[in-house]
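Under UniProt numbering, the residue at position 311 of the sequence shown is numbered 311, and the numbers go up by one with no gaps.
No residue lacks a Cβ here, since even glycine has one placed at the ideal position from N, Cα and C.
Since the structure comes first, as structure tokens, the remarks are kept for the end.
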Amino acid sequence: MATPGLAAVTGFINYPLPKPLEVKYQAPSPEANPVVRGLLLVYGASLISSLSSAQNYLWKNAGFSCLHGRKELEDVENRYDPTVIPVRGPDAESPTKYTATTNIRAPLKDTSGRFYSISDFHEAFKTGNLTPNDVVESLLPLIRRDVKSPTKHSIAFLDTKVDIVRRAAEAATQRYKDGQPLGILDGVPIAIKDEMDLKGYKRCAGSKLDFTHKDDVTSWCVTKLEEEGAIVLGKLNMHELGTDTTNNNPNYGTPLNPYNEHYYTGGSSGGAAYAVGAGLVPFAVGTDGGGSIRIPSAYCGIYGLKPSHGRVSAGPGPNTANTTVVWGPLASNMADLEVSYRVLAIPDPHHPASSQFAPPQPFRGERKKVLGIYKHWFDRADPSVRAVCQKALDFFTGKLGYELVDITLPMIHEGQMAHAMTILAEIAALHPDVTDLTAANKILITVGSKTPATDLLLAQKLRNILMEHLAYLFQKHPGLIIVTPTTPNPGWHISGGKGDLKYGVSDANMSVRSMEYVWLANFTGVPCITFPVGYVDPVEGKGKIPIALSGNGEWGSEDELIEFGYDGEAWLNSGLEGGRRRPENWIDVLNLKKDGEA
1 MATPGLAAVT GFINYPLPKP LEVKYQAPSP EANPVVRGLL LVYGASLISS
51 LSSAQNYLWK NAGFSCLHGR KELEDVENRY DPTVIPVRGP DAESPTKYTA
101 TTNIRAPLKD TSGRFYSISD FHEAFKTGNL TPNDVVESLL PLIRRDVKSP
151 TKHSIAFLDT KVDIVRRAAE AATQRYKDGQ PLGILDGVPI AIKDEMDLKG
201 YKRCAGSKLD FTHKDDVTSW CVTKLEEEGA IVLGKLNMHE LGTDTTNNNP
251 NYGTPLNPYN EHYYTGGSSG GAAYAVGAGL VPFAVGTDGG GSIRIPSAYC
301 GIYGLKPSHG RVSAGPGPNT ANTTVVWGPL ASNMADLEVS YRVLAIPDPH
351 HPASSQFAPP QPFRGERKKV LGIYKHWFDR ADPSVRAVCQ KALDFFTGKL
401 GYELVDITLP MIHEGQMAHA MTILAEIAAL HPDVTDLTAA NKILITVGSK
451 TPATDLLLAQ KLRNILMEHL AYLFQKHPGL IIVTPTTPNP GWHISGGKGD
501 LKYGVSDANM SVRSMEYVWL ANFTGVPCIT FPVGYVDPVE GKGKIPIALS
551 GNGEWGSEDE LIEFGYDGEA WLNSGLEGGR RRPENWIDVL NLKKDGEA
């Protein structure tokens with residue numbers, strides 16, 4: 001089955017049967033989950049995690065029984081795996097080297113609010129203005145936890161092995177001295193989320209537990225970056241086990257939003273978003289099972305890409321069989337997002353899905369510019385968010401030739417519950433013992449473990465329905481990108497103050513709200529990009545809050561989404577009044593040595 005919207009694609013493996021389902025839209029009932037914080041959360045979690053009756057009550061109260069009796073699910077096959085693989089024809093061009101300097105489309109140097117790009121690091125190293133050693137030695141005092149006076153930036157990091165980092169920097173410095181850099185990533189500082197394996201480092205997924213691979217290995221996708229010379233500064237903070245969208249972590253501290261410290265960074269890749277948003281690194285690697293790349297990217301004013309399911313391999317570690325989680329980049333600009341994605345997505349011959357994907361390659365030729373909007377869904381965003389996103393859409397249609405089409409999506413709110421049931425059941429299966437977890441996770445995981453097999457199967461029926469409907473839309477509208485605000489809310493204000501940061505908070509209502517749009521890509525396996533499109537006033541503090549737009553594309557359409565992202569970057573840099581903003585505490589990494597700030 002060929003799809004005109006995908007360059008050089010002649011068909012797909014596991015493509016859903018294109019089949020529409022029209023269901024009258026019904027707004028969901030207001031969330032009625034209890035919000036628990038402070039010592040009440042700590043004591044209540046111990047009680048709830050030991051009482052099956054309490055867990056069952058909270059499961060039903062959360063709305064997880066919403067699939068019962070739905071006739072739309074009758075005579076529908078289950079779909080457990082959302083992986084859909086595009087097949088390229090034998091005449092498809094071989095990809096060029098993704099780290100060649102000629103391929104980089106970084107923002108112009110005089111762009112307002114410009115973040116440094118990997119091309120700026122490469123240029124500084126080639127000219128001799130700086131060396132990778134200089135940059136690393138300037139950053140280490142800012143990011144290390146194991147020093148007498150850690151900085152506020154160090155909370156974004158869980159661990160940095162100084163000797164490993166310095167050896168990598170010395171090797172890169174020598175390559176530049178010899179005039180033989182490996183490519184544009186050589187010597188560039190990056191960091192990775194603590195959900196991935198990194199040789200010499202413990203992996204705890206933001207918890208007090210130890211999930212380190214027995215063979216002390218590095219995840220495949222991270223290895224590919226290291227082979228290009230990127231210097232991994234260490235492991236990044238995350239929400240414990242990746243189970244929520246704040247990155248509130250009582251175990252290791254909570255990084256605060258670089259734009260406004262009264263707000264969360266978002267999660268669960270919050271440490272990654274902070275590191276990029278504060279200017280410490282040009283890109284980082286995160287994971288996304290329910291918006292965990294895109295939500296923190298949106299909250300921290302940066303770019304994020306959730307690839308197609310199975311596209312990026314994190315092997316040989318665990319979770320490669322998870323049906324919702326993928327690995328991908330968070331970046332300071334589109335050029336860095338593109339380069340990092342293309343290296344991360346190099347096929348892994350030992351991974352069952354990744355090995356079947358063709359190597360990524362830049363999009364060439366004409367593309368159809370079609371944006372689909374499900375109005376009932378889109379309009380659920382807060383008015384301030386809708387207003388900012390609408391201005392960007394007006395730019396796309398008025399200046400860049402995009403067409404807007406109305407679409408529908410069946411059982412969209414039930415789909416969110418189906419996704420939540422699925423990912424929580426998968427997490428609960430991996431972590432049946434919650435004894436040593438934070439209070440909020442004790443509640444969340446034990447409640448998730450109460451999902452009956454029958455309900456989990458109903459969720460997979462709905463997954464199939466949604467994938468079939470998406471296939472129908474993508475066939476009807478070649479090149480279609482389904483657009484929504486990335487989150488319906490303008491950031492997540494830390495309403496409980498220091499108490500929430502100390503003990504954690506259980507606010508399922510806000511969690512569900514923040515995931516209103518992002519879950520669709522995880523549940524159906526399609527790729528999704530997010531990029532900043534504006535800013536709004538906060539409810540507290542003086543730093544404005546970034547707002548982001550996202551686009552869901554057909555399976556395997558990352559290259560088209562990247563082009564859409566560049567158009568979004570054009571809006572931010574040249575269309576938006578005032579242009580892009582940098583946070584006040586943004587770190588001028590390339591001038592740290594000169595200014596003596598290190």
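- Contact between the segment 453-465 and the segment 394-403 is absent: fewer than three C-beta pairs spanning the two stretches fall below 8 Å.
- DSSP, reduced to helix, strand and coil, places proline 360 outside both helices and strands of the structure shown, so it counts as coil.
- Within the segment 1-79, the beta strand (DSSP E) runs of at least 3 residues that lie entirely inside it are, in chain order, 9-13, 35-37.
- Looking at the backbone, the Cα of cysteine 66 and that of aspartate 81 are separated by about 22 Å.
- Leaving aside the five residues that flank valine 533 on each side, the residues in its chain whose CB is nearer than 8 Å to its CB run, in chain order, Val388, Cys389, Lys391, Ala392, Ile547, Ala548, Leu549, Gly568, Trp571, Leu572, Leu576.
- Here valine 326 is near valine 312, since their CB atoms are less than 9 Å apart.
- Residue environment analysis places lysine 71 among the exposed positions, since fewer than 16 neighbouring C-beta atoms fall within 10 angstroms of its C-beta.
- In the three-state reduction of the DSSP assignment, proline 349 falls in the coil class, being assigned neither a helical nor a strand state.
- Secondary structure at asparagine 552: strand, using DSSP grouped into helix, strand and coil.
- Buried is the label assigned to alanine 278, since at least 16 other Cβ atoms lie within 10 Å of its Cβ.
- Judged by DSSP in its simplified three-state form, threonine 397 adopts helix.
- Every unbroken stretch of the alpha helix (DSSP H) spanning 4 or more residues and falling wholly within the segment 475-532 is given here in chain order: 497-503, 508-514, 519-524.
- The beta-carbon separation of glycine 253 and isoleucine 143, rounded to 13 Å, does not stay under the 8 Å limit for a contact.
- Rounded to whole angstroms, proline 258 and glutamine 180 show a C-alpha spacing of 36 Å.
- Around the beta carbon of histidine 68, a 10 Å sphere encloses fewer than 16 other beta carbons of the protein chains shown; the residue is thus reported as exposed.
- For the pair of segments examined, the segment 492-508 was found not to touch the segment 552-562: the number of CB pairs separated by less than 8 Å stays below three.
- If you look at isoleucine 295, you'll find it isn't in any beta strand (DSSP E); it sits in the alpha helix (DSSP H) that goes 294-299.
- Counting C-beta atoms within 10 angstroms of its own C-beta, valine 147 has fewer than 16 neighbours from the protein chains shown and is therefore classed as exposed.
- In this structure, the alpha-carbon of asparagine 33 lies about 11 Å from that of tyrosine 57.
- The beta carbons of glycine 242 and glutamate 195 sit about 6 Å from each other, so the pair counts as a contact at 8 Å.
- Spanning the alpha carbons of leucine 520 and glutamine 416 requires a straight line of approximately 7 Å.
- The beta-bridge partner set that DSSP reports for glycine 113 is empty.
- If you look at lysine 306, you'll find it in the beta strand (DSSP E) that goes 303-306.
- Here proline 107 carries a coil assignment [DSSP, helix/strand/coil].
- Rounded to the nearest angstrom, the gap between the Cα atoms of leucine 47 and leucine 41 is 10 Å.
- Between alanine 169 and proline 132 a beta carbon distance of about 4 Å is seen, short of the 8 Å cut, so the two are scored as contacting.
- Within the segment 157-184, the complete beta strand (DSSP E) runs of at least 3 residues fall at 157-159.
- Straight through space, the alpha carbons of leucine 470 and lysine 24 are spaced by roughly 17 Å.
- Annotation for alanine 331: Val276, Pro282, Phe283, Ile302, Tyr303, Leu337, Ser340 place their beta carbon closer than 7 Å to its own, counting only its chain and skipping 5 residues before and after.
- CA-CA distance, isoleucine 346 to valine 526, rounds to 18 Å.
- DSSP, reduced to helix, strand and coil, places aspartate 336 within a helical segment of the structure shown.
- The three-state secondary structure of proline 189, taken from DSSP, is strand.
- Within the segment 191-277, the complete beta strand (DSSP E) segments of 3 residues or longer fall at 231-236, listed in chain order.
- Per DSSP, the continuous alpha helix (DSSP H) segment holding threonine 127 begins and ends at 118-127.
- For the pair valine 285 and valine 222, the CB atoms are nearer than the 9 Å cut-off.
- Look at alanine 331 here: in three-state DSSP terms it is strand.
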